[in-house]
Structure formats: C-alpha cells, structure tokens
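Chemist: Dropping a structure here in structure tokens format, bear with me for questions.
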Amino acid sequence: MSQPAVTATFIATDGEYLEAVIEVDGQRLHVMDEFGGAQMAAGTQFQAELRPLPGESDDWDAIFGANPGAEKGLRRLDGWRYLALGVVVSVDPVVCDCGLLRVEDAFRTRDERCVGAYVGVTLARLDAGIA
70 MSQPAVTATF IATDGEYLEA VIEVDGQRLH VMDEFGGAQM AAGTQFQAEL RPLPGESDDW
130 DAIFGANPGA EKGLRRLDGW RYLALGVVVS VDPVVCDCGL LRVEDAFRTR DERCVGAYVG
190 VTLARLDAGI A
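Sequential numbering from 70 applies to the sequence shown in the working numbering.
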C-alpha cells in the first residue's frame, strides 16, 4: 500500500539501511534509512514515504485495548519500533488510519463492526524512503 508523501527534515543517520532520525510534522521519528541520508546534510528537507512494517500479530484484546484515548499517531517503543495508534477504516484487508500513515494488515478480520474502532498495533519497523 502506497503512503502519501510527507515533508521530512533529515536529522542524522547511522548509514544506509540502518537507523536514521527524521522529523515529520514536528515529531522525531527513528526509521530505517532507505533514502540515502548519508548523502544529506542535517536540516535537509525531502519528500519521504513512510512504510510501516507490522510486527507479529498482537493479541486481539491488546489491539483493541491499546487506544482508549481514541488517538491517531505513533508512539516510539524502542529503536525503530512503534505503537501505531489509529482507527480502523476498512476490513479485508484491515487498514488503520494512524494520522501520518496508514497501516495495512496489522491484524486480520472480515468483521465490519471493527470499522470505526480505535486500535493500537505494534510496528516492527518504520522505513522511510524517497517519495
């Protein structure tokens, strides 16, 4: 699933395909560098595509209990792992609108009653590439 381009500011990188730090909409994100950050000066703005990689399927109760505040956004867990908070906008496949990005297939269901539910899903990694 293609993500909409976002304007990112490059902060730092450990190298290609390693951890990098960028800023999007005032939030610092730790991502896998698939955008050539080693060739950029700190502060460089670029059009990025954020690509979430869902982790192993979380427990159903954990997914539906993780977002009692009905939020959209990303909470960093460690490294480039995140808890993506958002709302289910479709099922089969499941798509969650998490504000900065949409997460597809974080869990599976065909139950239309899940549309509109606020959830939290673990991302194993957040990648950033050139849009």
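All residues carry an ideal CB built from backbone N, CA and C; glycine is no exception.
I'd like to check one pair, glutamate 103 with aspartate 174: are the Cβ atoms closer than 8 Å?
Modeler: To locate residue 174, count along the sequence shown from 1; it is residue 105. To locate residue 103, count along the sequence shown from 1; it is residue 34. Cβ atoms of aspartate 174 and glutamate 103: not closer than 8 Å.
Chemist: Enumerate, from N- to C-terminal direction, the unbroken alpha helix (DSSP H) stretches of 4 or more residues contained entirely within the stretch 122-170.
Modeler: 129-134
Chemist: Could you tell me the distance, in whole angstroms, from the CA atom of leucine 122 to the CA atom of alanine 193?
Modeler: Here the question's residue 122 lines up with position 53 in the sequence shown. Here the question's residue 193 lines up with position 124 in the sequence shown. So the alpha carbons of these two residues sit roughly 6 Å apart.
Chemist: Assign alanine 139 to one of two classes, buried (16 or more other C-beta atoms within 10 Å of its C-beta) or exposed (fewer than that).
Modeler: Reading the sequence shown from its first residue, position 70 is the one you call residue 139. It is exposed - the Cβ of alanine 139 has fewer than 16 other Cβ atoms within 10 Å.
Chemist: In whole angstroms, give me the CA-to-CA distance for arginine 171 and aspartate 83.
Modeler: Locating residue 171 in the sequence shown gives position 102, counting from the first residue. Locating residue 83 in the sequence shown gives position 14, counting from the first residue. In a straight line, the C-alpha of arginine 171 is about 26 Å away from that of aspartate 83.
Chemist: Per DSSP, what kind of secondary structure is arginine 179 in: helix, strand or coil?
Modeler: Taking the sequence shown and counting its residues from 1, the one referred to as residue 179 is at position 110. Correct three-state label for arginine 179: coil.
Chemist: If you run the structure through DSSP and keep just helix, strand and coil, what is glycine 84?
Modeler: Against the sequence shown, residue 84 aligns to sequence position 15. Coil, per DSSP.
Chemist: Quick one: what does DSSP say glutamine 116 is sitting in, helix, strand or coil?
Modeler: Counted from its first residue, the sequence shown places residue 116 at position 47. Looking at glutamine 116 - three-state DSSP - the assignment turns out to be strand.
Chemist: Give the straight-line distance between the Cα atoms of glycine 155 and proline 137, rounded to the nearest whole angstrom.
Modeler: Start at 1 with the first residue of the sequence shown, and residue 155 comes out as number 86. Start at 1 with the first residue of the sequence shown, and residue 137 comes out as number 68. The alpha-carbon atoms of glycine 155 and proline 137 are separated by roughly 11 Å.
Chemist: Along the beta strand (DSSP E) that carries methionine 101, what are the first and last residues, could you check?
Modeler: Residue numbering aside, residue 101 sits at position 32 when the sequence shown is read from its first letter. From DSSP, the beta strand (DSSP E) with methionine 101 extends over 96-103.
Chemist: In whole angstroms, give me the CA-to-CA distance for phenylalanine 133 and aspartate 127.
Modeler: Taking the first residue of the sequence shown as 1, we reach residue 133 at position 64. Taking the first residue of the sequence shown as 1, we reach residue 127 at position 58. Computed Cα separation, rounded: 10 Å.
Chemist: Mapping DSSP to helix, strand and coil, what is alanine 107?
Modeler: By one-based count along the sequence shown, residue 107 stands at place 38. Alanine 107: helix per DSSP, three-state reduction.
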